[in-house]
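Participant: Chains as they are written, first to last, in this note's numbering: chain A, 1 to 270; chain B, 1001 to 1362.
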Amino acid sequence: MSRIQAAFERLKKERRPAFIPYVMAGDPDLSTTRKIVLELARQGADLVELGVPFSDPLADGPVIQRAAARALESGTTIAGIFRLVRDLRRETQVPIVLMTYYNPVLQHGLERTVRDARRSGADGFIIPDLTPEEAGPWRKVLRGTGIDFICLAAPTTPPDRLKTLDRVSSGFLYYVSLTGVTGAKLAAEPELRSQVGRVRRAVSLPVAVGFGIKSPAQAAQVGAFADGVIVGSALVSRIESAGRRKAAASAGRFAKAVSLKLRANRVKSK
Amino acid sequence: MKLKNRNTLSPERLPDAGGHFGPYGGRFVPETLMPALMELDREYARAKRDPKFRREFAFLLREFVGRPTPLYFAERLTRELGGPKIYLKREDLCHTGAHKINNTIGQALLTRRMGKRRIIAETGAGQHGVATAAVAARFGLACDVYMGTEDMARQELNVFRMRLLGARVVPVDIGSRTLKDAISEAMRDWTASVRDTHYILGSVLGPHPYPMMIRDFQSVIGTEARRQILKAEGRLADLLVACVGGGSNAMGLFFPFLRDRSVKMIGVEAGGLGIKTGKHAARFATGRIGAFQGTMTVLLQDREGQVKVTHSVSAGLDYSAVGPEHAYYHDAGRIDYASVTDSEALEAFQLLSQTEGIMPAL
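This is how it looks when you write it as structure tokens:
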């Protein structure tokens, strides 16, 4: 069982949703990212999503676009991020999922990416522009490695396609809460609840919900009907305004608030 | 990838059902857009077989665009250069001033078939934006055009024309502030608005079915040119030349000639300040295969896969990637690609203007 699967199994027993914060690796630099990730893990993150910057992030809104630009400005490379993950593994066992676009992975080399992930202790990948149709070569390389490939599903995804995504994906399924890019406005609660219900009934994997969750209260609201809650842009914009020195502390405070709120609202299991 | 036998080329069989031209093409987009691309693919396949759609498309090309455009013998230019006879396919005479409208007419008809009420587009030089704004007005559709602020500054007149036609021009002030960022922003808009909006992409780029569909709409250029040259000369041309940004005008001209083995083809990319300076948009000179803005193709990128900013005096050629079908025919050896620098292009611009009285687009 992968570290990600194990985390969701444990959370199911604890009857609470996973708290999955997202930060951009290298924003503002990799040594700050190291401090931020450790602080997130201390403050209750169940998994951490680590962004690998790409010059043209199609699925991202302005907050994460700016974070990617800062990370590239500081000279962040995918090799540097694997070194960071390796360093982090000396201090934390929190599952780490790398979120990037296909081109950086392709240029690093599919096999080399997976080898580096295994060696460093990264647990999975989210690649929003790699659809099941095009993922053949990547999945072939992943086979038998224990590294998870987490697919995204959207409000526009029809039922038969949900089945495909469930089959191709491993670890969990990432449900995009809104028709739009990261950091946009979250859908109204009743609608989102019924959409997530539809997805959870159709698939076998745990379903984590992301895009547009901005506050601890919203996280708790979504956590009441999802297996995991992903908070990205809201956290990244706190890191942006805190500046290098205070970034980790500021991220930690926000993570703690989200985590406490999520734990206060335990859910019934599926 | 090299194709061993050129006889095996059967262009009309490409792309495959997933939109692949050999290792190129396909669909590399956020999941949110997949259902819309599948719908577009289905609707386009149906429309292509529908005589009513074909009639209406042909009618609009004739009555609204003003086709067929002439194949014009550039007599003075030919004499000036002292070489083989030069013919110009006068796409500049299309309504709104460029070939772009061949595609926007087709996609506007599809938008109506799909029952969508709003269209969005990106534009570099502004030609595609103007052509989209015109069909939006003609079909009564709301229209937003994304344009880099750098391009808005150098193509002010086209911004004015788009607004005059009733479109909203949305300034894109991120990245290089040119075409690639305008495409990213248009795709982000589409990700949010896909239920009631159609994205009219302007070149043979992006996810399937765009490269195939836009090639088909633009192939009217080559179909006419083939008929016209046979009428004028009783034979086919020895060589076809077209500029390649994304490559829609080139693919439109070349496609109907791909099986004519005697016809050579050269696509010309923007050499900017020269290949060695790194300030250019010659993808085939220094690019590599990669996934970008929905498709697998040849693009200018660094070792890490970050997409490079390009330079060209021509806003329409100033783009980091090339249409996937061009990449395929490049590898297959069927189409050759060359580049010319900014100063060479400006010199040719003046030469044509002053020998023929025809000012080409830059």
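Each residue gets a CB set at the ideal place from its N, CA and C atoms; glycine is no exception.
A quick note: this is a predicted structure, and the numbers were derived from the prediction, not measured.
With a CB to CB cut of under 8 angstroms and the five nearest residues on each side skipped, what residues in its chain are close to Arg66 of chain A?
Facilitator: Glu240
Participant: Ala25 of chain A CB to nearest chain B CB: under 9 angstroms?
Facilitator: no
Participant: Helix, strand or coil: which one does DSSP assign to Ile1086 of chain B?
Facilitator: coil
Participant: Can you tell me where the alpha helix (DSSP H) with Ile1324 of chain B in it begins and where it stops?
Facilitator: Looking at the sequence itself, residue 1324 of chain B is Pro, so the reference to Ile does not match. From DSSP, the alpha helix (DSSP H) with Pro1324 of chain B extends over Pro1324 to Ala1332.
Participant: Cβ of Thr1132 of chain B less than 9 angstroms from any chain A Cβ?
Facilitator: no
Participant: Would Leu1205 of chain B pass as a contact of Gln1306 of chain B if the rule is Cβ separation under 9 angstroms?
Facilitator: no
Participant: Does the stretch 1224-1231 of chain B touch the stretch 1287-1303 of chain B, meaning 3 or more C-beta pairs lie closer than 8 angstroms?
Facilitator: Contact between the stretch 1287-1303 of chain B and the stretch 1224-1231 of chain B is absent, because fewer than three Cβ pairs lie under 8 angstroms.
Participant: Do Val37 of chain A and Val48 of chain A have their CB atoms nearer than 9 angstroms?
Facilitator: yes
Participant: Roughly how many angstroms separate the alpha carbons of Gly109 of chain A and Leu1164 of chain B, rounded to a whole number?
Facilitator: 49 angstroms
Participant: By a C-beta neighbour count over all protein chains shown, 10 Å radius and 16 as the cutoff for buried, is Lys1089 of chain B buried or exposed?
Facilitator: buried
Participant: Excluding sequence positions up to five away, which residues of its chain have a Cβ less than 6 angstroms from the Cβ of Ala1133 of chain B?
Facilitator: Cys1143, Met1162, Leu1165 and Ala1167
Participant: Val207 of chain A by DSSP, collapsed to three states: which one?
Facilitator: strand
Participant: So which residues of chain A does Ile1275 of chain B contact, with C-beta pairs closer than 7 angstroms?
Facilitator: Within chain A, no residue comes near Ile1275 of chain B; the closest Cβ sits about 21 angstroms away, beyond 7 angstroms.
Participant: How about Val105 of chain A: is its C-beta nearer than 9 angstroms to some C-beta of chain E?
Facilitator: Looking for chain E here will not work: the only protein chains present are A and B.
Participant: Specify the secondary structure class of Thr157 of chain A as computed by DSSP and reduced to three states.
Facilitator: coil
Participant: Who are Phe1255 of chain B's beta bridge partners in DSSP?
Facilitator: Paired residue(s): none; Phe1255 of chain B is not in a bridge.
Participant: If you pair each beta-carbon of the stretch 1040-1052 of chain B with each one of the stretch 138-147 of chain A, do three or more pairs fall below 8 angstroms?
Facilitator: no
Participant: What number of angstroms, rounded off, separates the C-alpha of Ala59 of chain A from the C-alpha of Ala1153 of chain B?
Facilitator: 27 angstroms
Participant: Would you please state the rounded distance, in angstroms, between the beta carbons of Leu1240 of chain B and Phe1257 of chain B? I believe it to be under 8 angstroms.
Facilitator: 6 angstroms
Participant: Does Lys1264 of chain B come out as helix, strand or coil in the three-state DSSP assignment?
Facilitator: strand
Participant: What's the gap between the Cα of Pro1015 of chain B and the Cα of Ala1045 of chain B?
Facilitator: 13 angstroms
Participant: I'd like to know whether the C-beta atoms of Val181 of chain A and Gly210 of chain A end up nearer to each other than 9 angstroms.
Facilitator: no
Participant: Give the list of continuous alpha helix (DSSP H) stretches no shorter than 4 residues that lie fully inside the stretch 1152-1199 of chain B.
Facilitator: Those alpha helix (DSSP H) runs which fall completely within the stretch 1152-1199 of chain B and span 4+ residues are 1156-1164 and 1179-1193.
Participant: Beta carbon of Thr1252 of chain B, beta carbon of Val1220 of chain B: below 9 angstroms?
Facilitator: The residue you asked about is not Thr; residue 1252 of chain B is Gly in the sequence shown. For the pair Gly1252 of chain B and Val1220 of chain B, the CB atoms are nearer than the 9 angstroms cut-off.
Participant: DSSP three-state call for Gln1301 of chain B: helix, strand or coil?
Facilitator: strand
Participant: Where does Thr76 of chain A fall in DSSP's three states?
Facilitator: coil
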